[in-house]
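Below is one structure, written out as structure tokens, with a few remarks after it.
Protein chains in written order, with this note's numbering: chain E, 11 to 418; chain D, 2 to 550.
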């Protein structure tokens, strides 16, 4: 234990150093590695090392967590160079005479978990299988198409700190405008301003409480760049396999986004039958079911509405993934196509997956038919993609489908 | 992150009143925030300064390698930060009695920040606000210049431990000497020694003569003396004028030198880099006093939280709780160093010594233990003394001045050594020395002390920078040299040389002592002195070469 290893927060308040979790490491990993590759191109040696951190797990197995590490090199003294035979000395206190042995420590074993590079190598990798992992595997295959720089937007998960909160009496920076306003108010209430047209500021009374300052405040960080709409038909006809196929495909896309664009992508979930509604999370999106008819137009209109109301097009890359069985009461797409046309002016990519009920029939679900007739698929092939599959399609087919939907 | 509630704030205000009555002095206003673990995740890489500039290394777990504090002198989990007003951070669920203790601790830190002379460079501005504007500068530059901003940050941080902190401090404290003083300095320091090359006896004679003039002529002494001098040395006046007119050579640290002299940085298209460097340098200067007063600062805060807590009438009934927490904080470890415990005991010791009038020659002359123990002049100057110490001392001075044998004996301190017992295959910890000199040496050896690496202006020529590492018996960490020099080369825009010393090993040992391979360090071999050799590193076109001088 050295002089500089203890700090007030841990010593006095028992607050431990924050643990870098698996996911915090993941968040920046790709970005960091990109940066590292860029370093090499710029002619500087790489700096990131991928350390594997052993976390004690159940039983004998430890869990291996990947942590990017680095070190900032400086000119510093090397404490390890000393005359041979001389060992590092430290302070101590208590009873005993010079030469007394006061404690022993085994030479090997008991090495504490550390973040050293390569540490924990050879151990069995027992990494939690969750959306992140799935996403990580998928990541090698996909990339969001047409991603444009649309400025930086609100992120829900990261904070930055700024001096914007107001605090009366004292603080870091005097907010002159707010202070003046308060002074005016005080003086008005005191009747100190008889004539608003002809004020005499020298006569103002200034109470210390009128001084308004700015103090530290956590702000939501501005960094996300894309919003993804997941649309799903949950009408009666969708029951069973069709739902499975569509939802599984959306799970894959969702996991991948979560991993690859974690915190830079907002997801919105919309269910529709003849009416459309937004649901809060993926879980609800995944599990909801009703028995109603189908009007695809309602969903597209709903999305257009959201985009317009929240002015999303200006700041976000917009992606829409729509899963359906192809049924639509709107024969010929009289309502749907105009909405779709509007939608296509906003989106960077729209992917429609149709899970057909009857595989043998030559592709002729209502939706597929009018989509093909509309000519959008050819005219705007950069913006809209259609994938038609059987409702019993397996995972490999689903991934193929995603590739079709998002390929550049 | 939000402000603490009114209830806790009220407790804080009560603490302020009591702390003030006890003699602490600090600004009226303070801001207290509740922090969560999430906040800490963001704050700790930035030295608890929320508005610090963004830098990608902050997002990466940093290797906890040897000498970590030498690389990152910021305080990763500090409770109080030295801003205007001061900000402190709290756990959400601290009970009231604990908050009282922490508040006292915090207030004593604030008192230390605002009164200790080593913090003088931080007194005139609010770092939080400045950091924010600097963060914006960097963000703006990053939007324009992209990753090159990060390279400049990285390379400047590579040498930010070499900032001329003590020189900045000296400048803040310097009084401009008047003409008489400078004339006097010139005559005795330069003219006699360098120009006349006077022998020591002659020199002493001159000093004597000057003193005689002072005595005889009083106020006119200096004037009369120099009239005499000018008569004897007709050339003196001209030389003096030239000396007085010459601009004093400004000593620059490496960052300043690069900013001023680098052709690369002073090209029109690269000027922006200097703003980035300035930011990094300012930040390093801000943290410099903190790391140099760790033992004192924590000792001072512990001294006061203990003193004030026990006297606080609001916490009756929680003495035992307090004792338990306080013991955790301020107990001396069997092996290891605890700045809280050590600093607090030293302050108590100084107070006691001064109370008894022991900080005096009369006491030092005594060698009889019984007489020393019984010595008491009833001076009662303890409080005054410790306040003076907290105002004027740094860790090094604190230890060097006050940590003596009596203190060692009183607190049963010793230097703990570690050796390998080959039969049992264990590391043995043993009491190596109970001497104050050894303990002081051990302590000084573990204090933060960046190497002195400076530019040699004479050897810097033909566009090639020459750095000299002033050798203090310690080598530089060799694996860090290449990248650090690479960074300097980038900023300098030409070849960079570094003169340093390295140990001459028969077979270089690569084992860290923390993780020694068995048998590596076992031989009680001849404890021969290390042989040192002078080395010249040269970084040119991003390639490092090394030669022995």
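Don't be surprised by glycine CBs; every beta carbon is placed ideally from N, CA and C. None of these values were measured; they are calculated from a predicted model.
8 Å Cβ cutoff met for residue i and residue j
{"i": "residue 101/E", "j": "residue 416/D", "result": "yes"}
{"i": "residue 281/E", "j": "residue 244/E", "result": "yes"}
{"i": "residue 16/D", "j": "residue 99/D", "result": "no"}
{"i": "residue 490/D", "j": "residue 536/D", "result": "no"}
{"i": "residue 401/D", "j": "residue 346/D", "result": "no"}
{"i": "residue 296/E", "j": "residue 237/E", "result": "no"}
{"i": "residue 408/E", "j": "residue 386/E", "result": "no"}
{"i": "residue 225/E", "j": "residue 182/E", "result": "yes"}
{"i": "residue 345/E", "j": "residue 286/E", "result": "no"}
{"i": "residue 448/D", "j": "residue 86/E", "result": "no"}
{"i": "residue 175/D", "j": "residue 87/D", "result": "no"}
{"i": "residue 266/D", "j": "residue 274/D", "result": "yes"}
{"i": "residue 231/D", "j": "residue 237/D", "result": "yes"}
Reference residue i, options the options, closest by Cα
{"i": "residue 113/E", "options": "310/D, 335/D, 80/D, 136/D", "result": "335/D"}
{"i": "residue 247/E", "options": "386/E, 42/E, 345/E, 299/E", "result": "299/E"}
{"i": "residue 276/D", "options": "303/D, 538/D, 78/D, 140/D", "result": "140/D"}
{"i": "residue 255/D", "options": "183/D, 492/D, 6/D", "result": "492/D"}
{"i": "residue 418/E", "options": "386/E, 106/E, 393/E", "result": "393/E"}
{"i": "residue 179/E", "options": "50/E, 188/E, 172/E", "result": "188/E"}
{"i": "residue 290/D", "options": "450/D, 546/D, 539/D, 481/D", "result": "450/D"}
{"i": "residue 348/D", "options": "261/D, 26/D, 386/D, 312/D", "result": "386/D"}
{"i": "residue 366/E", "options": "90/E, 375/E, 207/E", "result": "375/E"}
{"i": "residue 46/D", "options": "60/D, 304/D, 407/D", "result": "60/D"}
{"i": "residue 156/D", "options": "202/D, 390/D, 481/D, 472/D", "result": "481/D"}
{"i": "residue 79/E", "options": "381/E, 46/E, 89/E", "result": "46/E"}
Identity of the residues DSSP links to residue i by a beta bridge
{"i": "residue 227/E", "result": "172/E"}
{"i": "residue 277/E", "result": "238/E"}
{"i": "residue 397/E", "result": "363/E"}
{"i": "residue 504/D", "result": "533/D"}
{"i": "residue 222/D", "result": "In the DSSP output, where bridge partners are listed per residue, residue 222/D has none listed."}
{"i": "residue 35/D", "result": "3/D, 91/D"}
{"i": "residue 538/D", "result": "499/D, 547/D"}
CB contact check: residue i to chain E, cutoff 8 Å
{"i": "residue 460/D", "result": "no"}
{"i": "residue 51/D", "result": "yes"}
{"i": "residue 428/D", "result": "yes"}
{"i": "residue 17/D", "result": "no"}
{"i": "residue 536/D", "result": "no"}
{"i": "residue 106/D", "result": "yes"}
{"i": "residue 447/D", "result": "yes"}
{"i": "residue 193/D", "result": "no"}
{"i": "residue 64/D", "result": "Any reading at residue 64/D must be qualified, since the residue scores a pLDDT of 49, below 50, and its modelled position is unreliable; the value itself is stated next. Yes, residue 64/D lies at the interface with chain E (some Cβ there is under 8 Å from its Cβ)."}
{"i": "residue 400/D", "result": "no"}
{"i": "residue 351/D", "result": "no"}
{"i": "residue 271/D", "result": "no"}
{"i": "residue 169/D", "result": "no"}
{"i": "residue 341/D", "result": "yes"}
Min CB distance residue i to chain D below 8 Å
{"i": "residue 222/E", "result": "no"}
{"i": "residue 25/E", "result": "yes"}
{"i": "residue 91/E", "result": "yes"}
{"i": "residue 45/E", "result": "yes"}
{"i": "residue 325/E", "result": "no"}
{"i": "residue 228/E", "result": "yes"}
{"i": "residue 171/E", "result": "yes"}
{"i": "residue 188/E", "result": "no"}
Integer-rounded CB distance, given that residue j should sit under 8 Å from residue i
{"i": "residue 49/D", "j": "residue 104/D", "result": "About 17 Å separates the two Cβ atoms, so there is no contact after all."}
{"i": "residue 377/E", "j": "residue 336/E", "result": "5 Å"}
{"i": "residue 262/E", "j": "residue 331/E", "result": "Not a contact, Cβ separation roughly 10 Å."}
{"i": "residue 159/D", "j": "residue 485/D", "result": "5 Å"}
{"i": "residue 212/D", "j": "residue 170/D", "result": "Not really, about 33 Å apart at Cβ, beyond 8 Å."}
{"i": "residue 316/D", "j": "residue 101/D", "result": "5 Å"}
{"i": "residue 2/D", "j": "residue 36/D", "result": "6 Å"}
{"i": "residue 111/D", "j": "residue 31/D", "result": "7 Å"}
{"i": "residue 209/E", "j": "residue 92/D", "result": "Wrong, their Cβ atoms sit about 49 Å apart, outside the cutoff."}
{"i": "residue 317/E", "j": "residue 309/E", "result": "Not confirmed; about 13 Å, so no contact."}
{"i": "residue 458/D", "j": "residue 545/D", "result": "The Cβ separation is near 23 Å, so there is no contact."}
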